[in-house]
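2 protein chains.
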Amino acid sequence: MQRYFVSDAQRTEGFFTITGEDARHISKVMRMKPGDSILVCDEAGQTFLCEIQENNETNVFCLIKENLVETNELPIKVTLAQGLPKGDKLEFVIQKGTELGAAGFIPFESERAIVKWDTSKAPKKLERLRKIAKEAAEQSHRSTIPLIHDPQKLNALIVSSQSFSHKMVAYEEEAKHGEDKRFARLLSTMQEGDSLLVVLGPEGGLTAEEVDILQETGFVCAGLGPRILRTETAPLYVLSAVSYQFELLKR
Amino acid sequence: MQRYFVSDAQRTEGFFTITGEDARHISKVMRMKPGDSILVCDEAGQTFLCEIQENNETNVFCLIKENLVETNELPIKVTLAQGLPKGDKLEFVIQKGTELGAAGFIPFESERAIVKWDTSKAPKKLERLRKIAKEAAEQSHRSTIPLIHDPQKLNALIVSSQSFSHKMVAYEEEAKHGEDKRFARLLSTMQEGDSLLVVLGPEGGLTAEEVDILQETGFVCAGLGPRILRTETAPLYVLSAVSYQFELLKR
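Spelled out as structure tokens, the structure:
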């Protein structure tokens with residue numbers, strides 16, 4: 028069943044009002060009519076089975092029929108601080124990372140990032156990234172849309188990191204030093220509801236200084252297996268492993 | 028250090044002769060000279076440290092200095108039978124799947140695949156897919172290049188499956204039926220050196236009949252967590268989970 032995300036402002040006693048592009052999607056693309064059912068996800072991550080009462084291209088009024096108790100969200104809230112990659116790879120990481128259950132993304136302006144974040148284009152760029160996250164959340168049947176944070180440099184990232192219960196930096200050199208089990212060990216110390224911030228380098232990797240500073244501020248430095256993963260593949264490995272550990276193995 | 032893959036025919040007592048595009052890459056792109064070192068991977072998956080003795084744009088003669096004992100290959104040989112996806116997604120699966128350690132890929136002509144395999148273009152297409160696998164293997168520091176098999180329909184796939192020690196079909200409906208731990212259970216029965224064939228549907232998914240036939244012929248039907256993954260994301264989840272289980276957790 029098609030699902031749509033709404034803000035708290037779109038709810039009134041027993042009803043949701045869906046507007047904008049989603050209203051157009053329901054009425055024109057899906058050609059839905061009064062009596063048809065949709066799923067509506069609110070800001071708190073709750074999913075409701077709703078019945079359309081009245082709809083046109085700009086507004087869809089729907090009656091809340093049932094609060095569905097869904098558990099499609101990763102038990103660990105994983106935020107990826109992704110070193111700015113080239114081309115459309117940030118879009119790719121956000122689309123695939125959303126499918127795989129990420130709670131949020133921080134575009135990380137790291138030392139060796141070839142791409143510079145153009146502040147004049149930032150609002151438009153962030154809007155585009157948020158749209159990608161929303162669509163991927165709908166498609167993958169999530170009940171929350173991951174947060175896309177404003178881009179951060181190292182100092183800001185360290186300040187942000189204080190709100191996470193666990194912190195890790197993915198660093199491929201570690202795998203070569205035999206320290207390839209730290210990621211699994213870190214996950215073994217975590218419990219459902221914990222939050223994890225994972226820093227990932229851009230194409231050129233993180234500098235040794237960046238890794239040192241992150242380690243000094245409490246980040247665990249961990250490898251992701253013996254093969255060298257591209258910057259856009261590493262975050263997908265992290266999320267898949269967290270899902271496997273907490274959703275399939277379920278210690 | 029740059030690595031190159033060679034066939035057995037390119038080896039003579041104590042030497043490798045690198046030809047074709049790789050010779051051009053070494054001499055023109057990397058501008059390497061006699062005395063420079065490269066890594067050479069043979070068909071058996073062994074990696075050798077070699078020193079260039081003589082080189083030009085068509086031939087590079089290099090002396091074998093040392094047989095390096097590398098362990099960059101996944102301990103479980105995973106072959107992905109990927110339902111033919113749209114656009115360039117098969118290329119994507121092969122590139123990312125190679126990074127993540129796949130042993131091979133079978134383009135699977137499943138019932139609901141929108142893309143049809145054009146046999147007249149097949150040789151060129153397979154050549155292109157093999158090139159992508161080779162480049163991704165070099166880049167991710169693998170010591171073997173995954174095999175790209177000829178495309179197979181269901182019957183041929185079932186015949187092929189007999190050579191695998193373990194077989195699984197990824198089926199998202201299973202997650203909804205609470206059978207979301209079968210993948211982890213299957214991995215728990217496997218040991219290093221075992222082989223796993225994983226069948227993944229195309230965009231429209233597998234048909235219930237295909238799933239039934241696969242189950243009847245010994246495939247375990249397993250979900251990959253509660254979120255709905257796109258056809259090109261599911262194989263990356265499988266490989267990441269196998270790596271996490273056998274390389275990081277190392278039971």
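The listed protein sequences correspond, in order, to chains L and C. For the first sequence, the positions run 28 to 278 when the numbering used here is used. For the second sequence, the positions run 28 to 278 when the numbering used here is used. For glycine and all other residues, C-beta sits at the position ideal for the given N, C-alpha and C. Predicted model only: the values in this text are computed from it and were never measured.
- Among the CB atoms of chain L, none fall inside 9 Å of the CB of Pro173(C).
- Restricting attention to His168(C), Met217(C), Val238(C), the CA atom closest to the CA of Asn182(C) is found in Val238(C).
- In the DSSP annotation of this structure, the continuous segment of the alpha helix (DSSP H) that includes Tyr264(C) starts and ends at 261-270.
- Close to Lys123(L), with beta-carbon spacing below 7 Å, are these residues of chain C in chain order: Thr260.
- At a C-beta separation below 8 Å, Arg139(L) has no neighbours in chain C, since its nearest C-beta there lies roughly 17 Å away.
- Selection Gln218(C), Thr234(C), Lys123(C) evaluated against Arg169(C) yields Lys123(C) as nearest (Cα-Cα).
- Bounds of the alpha helix (DSSP H) holding Lys161(L) are 149-166.
- Between Asn83(C) and the set Ala71(C), Ile53(C), Cys77(C), the nearest pair of CA atoms involves Ile53(C).
- Using a Cβ-Cβ cut-off of 9 Å, Ser270(L) counts as an interface residue toward chain C, since at least one Cβ of chain C sits closer than that to its own.
- In the three-state scheme derived from DSSP, where H, G and I count as helix and E and B as strand, Gln29(C) is classed as coil.
- Residue pairing of Gln179(L) in beta bridges, as defined by DSSP: Phe135(L).
- With respect to the C-alpha of Thr44(L), the residue from Gln73(L), Pro61(L), Cys89(L), Ile65(L) having the closest C-alpha is Cys89(L).
- For Gly47(C), the uninterrupted alpha helix (DSSP H) segment begins and ends at 47-51.
- Neighbours of Ile159(L) in chain C, taken as residues whose beta carbon is under 9 Å from its own, are absent, since the nearest beta carbon is some 13 Å off.
- Per DSSP, Phe210(C) is one residue of the alpha helix (DSSP H) stretching across 209-215.
- The three-state reading of DSSP puts Phe191(L) in coil, since its state is none of H, G, I, E or B.
- By the C-beta density criterion, Glu274(C) is buried, having at least 16 other C-beta atoms within 10 angstroms.
- Of the candidates Gln242(C), Gly252(C), Gln73(C), Gly232(C), the residue whose Cα lies closest to the Cα of Ser137(C) is Gly232(C).
- Counting only unbroken stretches of 3 or more residues, the beta strand (DSSP E) elements lying wholly within the segment 91-133 of chain L are 104-110, in sequence order.
- In the DSSP annotation of this structure, the continuous segment of the alpha helix (DSSP H) that includes Ala235(L) starts and ends at 235-243.
- By the beta-carbon neighbour count (other beta carbons within 10 angstroms, threshold 16), Ser270(L) is buried.
- Nearest neighbour of Val67(L) by Cα position, chosen from Lys60(L), Val87(L), Arg58(L), Val56(L), turns out to be Val87(L).
- Per DSSP, Glu219(C) has no beta-bridge partner at all.
- The beta-carbon of Ala211(L) is placed less than 9 Å from the nearest beta-carbon of chain C.
- Following the DSSP letters along the chain, one finds Ala249(C) inside the beta strand (DSSP E) bounded by residues 247-249.
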